[in-house]
Every structure is written in structure tokens, then in C-alpha cells.
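Converting from the sequence shown to the working numbering requires adding 4 to each position, the first position being numbered 1.
Some notes on the structure that comes next.
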Amino acid sequence: MVVYEAASAIVALPNTTPSIATLAITTLLKTGAESSVERLMKQISSFVSEISDEFKIVVVDAIRSLCARYPRKHAVMMPFLANMLRNDGGYEYKKAIVETIIAIVEENPDAKTAGLAHLCEFIEDCEHDSLATRVLHLLGREAPKTPNPSSYIRFIYNRVILESTKVRAAAVTALAKFGAQCAELRPSI
5 MVVYEAASAI VALPNTTPSI ATLAITTLLK TGAESSVERL MKQISSFVSE ISDEFKIVVV
65 DAIRSLCARY PRKHAVMMPF LANMLRNDGG YEYKKAIVET IIAIVEENPD AKTAGLAHLC
125 EFIEDCEHDS LATRVLHLLG REAPKTPNPS SYIRFIYNRV ILESTKVRAA AVTALAKFGA
185 QCAELRPSI
């Protein structure tokens with residue numbers, strides 16, 4: 005509890021350096037109780053926009069650990085990660101967020117629908133072919149098992165029409181997986 009309060013105080017200081025603030029934030033994320041997750045996410049959101057991508061990656065990794073510890077709190081952390089994904093950032097930063105959302109989707113069935121929806125939004129405007137391909141692979145594997153698999157088809161089909169050859173190939177493969185697993189969708193695919 006003392007460590008948590010000390011880290012919380014450090015983050016609140018006005019002239020804290022980014023490296024110290026990141027260390028304090030990750031300490032908060034690693035030592036916080038389930039009941040404090042909402043407060044932590046609010047505290048972090050004001051801070052994250054001010055740090056570099058390398059520090060943001062450290063924060064994303066800490067959020068991933070927090071999600072694994074408190075899977076019921078995915079409803080708080082998933083929108084936070086999706087918001088981070090919409091913000092500017094380099095490849096490694098985006099990759100860390102995508103991999104974290106994928107890990108949450110794979111480890112927590114309750115988070116699958118929300119996580120897949122956030123990833124679908126991401127691939128609509130993704131600058132990195134390898135990340136779009138990774139998401140399309142996940143969609144092909146996981147989305148046919150969801151209650152409403154047809155809701156993902158448009159996002160995947162748009163990749164067939166609008167993207168590079170590599171992404172198009174991944175989208176066609178994902179659509180084929182839908183056709184193989186969802187008999188009711190075969191005619192439209």
C-alpha cells in the first residue's frame with residue numbers, strides 16, 4: 005500500500021521526468037488492486053499523451069499484465085487501449101497495443117467481441133501491413149466463432165478492395181475461413 009501511494013504521489017508531481025513518471029505508472033499498474041483499476045486508467049490517460057513511444061510501450065505491457073491479473077476489468081482497459089491505438093505512434097508502439105489486445109481476446113472469452121471490434125476499426129486505417137495481416141489472421145480464426153460473425157465481413161472485404169497485395173491475401177484467407185466455418189455465410193462470401 006505504501007508503494008502504491010508513493011507511486012501515485014510521484015505521478016501527481018508537476019515536474020516529474022517521463023522516465024520517473026513511467027516507472028511510477030508501471031508500479032501503480034503492477035501493485036494496484038482490482039478496485040482501483042478505473043481510477044488508475046483515468047490517471048494514466050492524462051499522462052500517456054506526454055511521453056515517448058518507448059515509454060508508452062512499457063505502460064502497454066503493464067496494462068497487459070493488469071488485464072491478465074484482473075480479467076473482469078477488460079471493459080475498462082480495452083477502450084483505453086483502443087484509444088491509444090487511434091493516437092499517433094510508431095510501428096513498435098502500435099504492435100505492442102495490437103499484441104496486447106490480441107492476448108486479451110485469446111485469454112478472456114468475455115473480451116472477444118469488444119477486442120475484435122477495436123481491431124476491426126484499427127485495420128480500417130492501418131499504416132502497417134504486418135499489423136493488418138496479423139489482425140486479419142486473428143479475425144479469420146476467432147470471428148467465425150462469435151455470436152454475430154457476419155458483422156466482421158465488411159471490414160475484411162474492405163481490405164480485399166483497398167489494400168496492398170500482402171494484406172489482400174490475408175483478407176482472402178480470412179474470408180475463406182469464414183466460408184469454411186459458417187455455412188450460412190458461404191453464399192455471400
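Just so you know, even glycine gets a beta-carbon here, dropped at the ideal spot from N, CA and C.
When the alpha-carbon of D129 is set against those of N152, V109, S154, I160, the nearest one is in I160. With a threshold of 16 other beta carbon atoms within 10 Å, L166 falls short and is exposed. In chain order, P148, P153 place their CB closer than 6 Å to the CB of C186, counting only its own chain and leaving out the 5 sequence neighbours on each side.
If you draw a straight line from the Cα of T177 to the Cα of K99, it is about 21 Å long. By the neighbour-count criterion, in which a residue is buried when 16 or more other Cβ atoms sit within 10 angstroms of its Cβ, Y95 is exposed.
Distances from the alpha-carbon of H141 to those of E131, I127, P151 put I127 closest. Taking all protein chains shown into account, I105 has 16 or more neighbouring C-beta atoms within 10 Å of its C-beta and is therefore buried.
Between I108 and M82, the CB-CB gap stays under 8 Å. A check of alpha carbon separations from M88 across S49, R138, A66, D114 identifies S49 as the nearest. Ranked by how close their Cα comes to the Cα of L33, the residues L135, S53, D57, Y74 have Y74 in first place.
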